[in-house]
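J.:
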Amino acid sequence: MKRSLLSWTLLFITLLLFAQNTLSINGLNEAKFIYRTAPDSLNAYFTDSFAFNLAYRNFGFGMKFIAELPKYSTEQSELFDELDANRMELGWKEFYATYEKESLTVHAGTTEESFGSGIVFRSFQDLEFDEDHRLESFLVKYNDKLKFKAIYGAIENPTSVGKYDLAYGADLQSPSFMGISLGASANAFRNLTGSQIYSQRDVFGARMSIATGGLDLQAEAALSRLYHQTGIAAKDGKAIYVNGNYSWGAVSIGAAYKQYDAFQYRLHDLPSANHHNETLSDASASGEDEIGYQGFGTIAISQALSLNIDYAEAWNSNKDLQMNDGYAALEWILNGRMLGISYGHIEKLDEHLNTWQQDLIPAVQAGITLFGTPVQLSAEYKVVSKQKHELESEHFEPKVQGDFSLGKLSLSLGAQSQWEEIGEFRDSRYWASMEAKYPIFSHSDLTVFAGKEAGGKVCRNGVCRYVAPFQGLKVELNTRF
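Counted from 1, the sequence shown has number 64 at position 63 by this note's numbering; the numbering is strictly sequential.
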């Protein structure tokens, strides 16, 4: 089957190459070699993904070849004494073909798509957490004043290898009239259960958006019903999310509200409604039982000085889970120079498990020019306090980082530590790292990372992402064509 598919693919490409006057080809190759200083058999591994797409007249075609030799988990605590053959993955993993003409699009194959804001349906890939929630589907879209989408597809079941779940639905959005637009979605999901019977989840959603003057408002509500489970009664769920902001002159204020109840499944994405994108509890999935609000605002004090404030609270229906999230930042930017101070606050309480945690995150950022070289500096002093039953603990996580360029070479130097007592900083854990990025050609970038990092959100050379704890060497080569 794979050989036949590859043969048809090569024939398709050959036919397109005869029409080079209108043929467009582009793609990306990402190669990565990693040596991790860990006592297991997977301390050295290599990954590569080669993707390309062809466009000819109204047709498009794309493929991606992925090699994971071996595939390594993002959970760094997973150590393996021996190399597992099931972790070797090699082959063409993604295919798609499209046809576009004026407002009509027809797509078949690997699909990334969402209905509305994604509360009801979203097919996506999360590279940082190594999660792939993309459908292999047929998708039809009409994108004009009236917008319409219809999709029918399948995705591999997360627990049964080689078996698939189904998802299908449609979405309609009206033209904007006096700044008001309405939308509606209807979806069905068939998921394979442990008893090898497919459950059924029906989801219906409606939304409204208003954009007029300085007002920007979005509101969305959805109802779901999960049934056809052996020995389990039907379960109803709901989701409500409202977000709006209003701007006048130098002031912008906004607010958000969320309410989720029994509304958690794989193919959707619920807004967190807080600055740090935190879940209500680290021990439960978002969407099961969650209510919360958020308020935020920005004030341009002067042409160079601005103030940002954000505060959110969330809880469950019994209020034995509670969370609050705060953030404030004062930023000054003038003539290419920048100075900012910020303060973050995250607090979570779980009365059922009798646990409490609080993170206090003061930080300072600066952008200056030294000897004609732009330099970005940042420092953070995180204080983490925890309580579990009667046991209390506290530790400190200071972190400093500097980003600068030497010609085409971009460098990022960072250091992070963790200690429980201020006087014990010499005996504490330390993480130091260096990342260098250099464009070896106009279309290729070489990146080298060496050192240790504790994990979490990392921003280097203008790119932010979530990373797992790591110690070792990474070499990446990205080539575009």
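C-beta atoms are modelled at their ideal positions from N, C-alpha and C, and glycine is treated no differently. Just so we're clear, the structure is a prediction, and the values are computed from it rather than from any experiment.
#1: Looking at the structure shown, is ASN44 part of a helix, part of a strand, or coil, going by DSSP?
#2: Rounded to the nearest angstrom, what separates ALA98 and LEU167 at their Cα positions?
#3: Taking the Cβ atom as the reference point for each residue, do ASP172 and GLY119 lie within a distance shorter than 8 Å?
#4: Determine the closest residue to SER225 out of LEU140, SER379, TYR266, PHE47, with distance taken between C-alpha atoms.
#5: Can you tell which of VAL252, GLN260, LEU306 has the C-alpha that lies nearest to the C-alpha of SER287?
#6: In this structure, how does DSSP classify ARG135 when only helix, strand and coil are distinguished?
#7: Could you give the distance in angstroms between the alpha-carbon of TYR382 and the alpha-carbon of ILE310?
#8: Counting only beta-carbon separations shorter than 8 Å, does GLY327 have a partner in chain B?
#9: Please go through the same chain and pick out, in chain order, the residues whose beta-carbon is closer than 7 Å to the beta-carbon of GLU291, but skip the five residues on each side of it.
#10: Which class does ARG88 belong to by DSSP, given the choice of helix, strand or coil?
#11: Might you give, ordered along the chain, the residues of its own chain that have their beta carbon closer than 8 Å to the beta carbon of ALA274, omitting 5 neighbours on each side?
#12: So, is ILE156 buried or exposed, given that buried needs 16 or more other C-beta atoms within 10 angstroms?
#13: Three-state secondary structure (DSSP) at PRO363?
#14: Apart from the five residues just before and just after ILE198, which ones in its own chain have a Cβ nearer than 8 Å to its Cβ?
#15: Could you please give the first and the last residue of the uninterrupted beta strand (DSSP E) stretch that includes HIS108?
#16: From HIS269 to ARG123, what does the alpha carbon distance come to, in whole angstroms?
#17: Among the residues of its own chain, which have a CB less than 7 Å from the CB of HIS396, if the five just before and after it don't count?
#18: Taking GLY154 as the reference, give the member of ALA109, LYS146, TYR57 with the closest Cα.
#19: Given this structure, state the Cα-to-Cα distance separating ALA222 from GLN174, to the nearest angstrom.
#20: Between the alpha carbons of ALA86 and ALA451, how many angstroms are there, rounded?
#21: Please report the residue range of the beta strand (DSSP E) in which HIS444 lies.
#22: If you compare alpha carbons, which of ALA263, ASP446, GLN417, GLY238 is closest to GLN472?
#23: Do you know how far the Cα of ARG37 is from the Cα of THR48?
#24: What residue ranges within the region 195-241 form continuous beta strand (DSSP E) runs of no fewer than 3 residues, ordered along the chain?
#25: Taking only three categories from DSSP, how would you classify PRO440?
#26: Straight-line CA distance for SER319 to ASP283?
#27: Ordered along the chain, which non-local residues of its own chain (more than five positions away) have a Cβ less than 6 Å from that of ALA433?
#28: By Cβ distance below 6 Å, which residues in the same chain neighbour LYS102 in space, the five residues on each side in sequence not counted?
#29: Taking GLU31 as the reference, which of MET179, PHE53, PHE205 has the closest Cα?
#30: May I ask you to list the residues that DSSP assigns as paired with TYR382?
#31: Could you compute how far the alpha carbon of ALA469 sits from the alpha carbon of SER177?
#32: Checking the sheet assignment: what are the DSSP bridge partners for ILE35?
#33: Please name the residue or residues paired with ILE152 in a DSSP beta bridge.
#34: Hey, quick one: how far does the beta strand (DSSP E) through SER175 stretch, first residue to last?
T.: On the basis of the data shown:
#1: In this structure, ASN44 counts as coil in the three-state DSSP scheme.
#2: C-alpha separation (whole angstroms): 20 Å.
#3: Cβ distance not < 8 Å, so ASP172 and GLY119 don't count as in contact.
#4: Among LEU140, SER379, TYR266, PHE47, the Cα nearest to that of SER225 belongs to TYR266.
#5: Answer by Cα proximity: GLN260.
#6: For ARG135, the secondary structure class from DSSP, reduced to helix, strand or coil, is coil.
#7: C-alpha of TYR382 to C-alpha of ILE310: approximately 19 Å in a straight line.
#8: Given the protein chain composition of this structure (a single chain), no chain B is represented.
#9: Within the same chain, GLU291 has close Cβ partners LYS259, TYR261, LEU281, ALA315, ASN317.
#10: Three-state result, ARG88: helix.
#11: Only TYR242, ASN244, ALA257, TYR258, LYS259, GLY293, TYR294, GLN295, ALA313, ALA315 meet the Cβ criterion.
#12: Buried.
#13: It is a strand residue.
#14: Excluding sequence neighbours, ILE198 sits near HIS229, GLN230, THR231.
#15: For HIS108, the enclosing beta strand (DSSP E) stretches over residues 105-112.
#16: Between the alpha carbons of HIS269 and ARG123 lies a gap of roughly 4 Å.
#17: Taken in chain order, the residues that qualify are VAL385, GLN419, TRP420, GLU421.
#18: Measuring from the Cα of GLY154, the nearest candidate turns out to be ALA109.
#19: Using only the alpha carbons, I get a separation of about 14 Å.
#20: Going by the C-alpha atoms only, they are around 28 Å apart.
#21: Per DSSP, HIS444 lies in no beta strand (DSSP E) segment and is marked neither H nor E.
#22: Nearest option by C-alpha distance: GLN417.
#23: Roughly 14 Å between the two C-alpha positions.
#24: Counting only runs of 3 or more, we get 199-213, 216-228.
#25: Reduced to three states, the DSSP call for PRO440 is strand.
#26: In the sequence as presented, Ser is not what sits at residue 319; that position holds Asn. Taking the straight line from one Cα to the other gives about 17 Å.
#27: For ALA433, where only same-chain residues beyond five positions count, the Cβ hits under 6 Å are ALA416, GLY452.
#28: Only ASN59 meet the Cβ criterion.
#29: Answer by Cα proximity: PHE53.
#30: Bridge pairing for TYR382: PRO399 [DSSP].
#31: C-alpha separation (whole angstroms): 43 Å.
#32: When beta bridges are read from the DSSP output, ILE35 appears opposite TYR46, LYS475.
#33: ILE152 is bridged by DSSP to LEU140, GLY170.
#34: Annotation for SER175: no beta strand (DSSP E) segment contains it, and DSSP assigns it neither H nor E.
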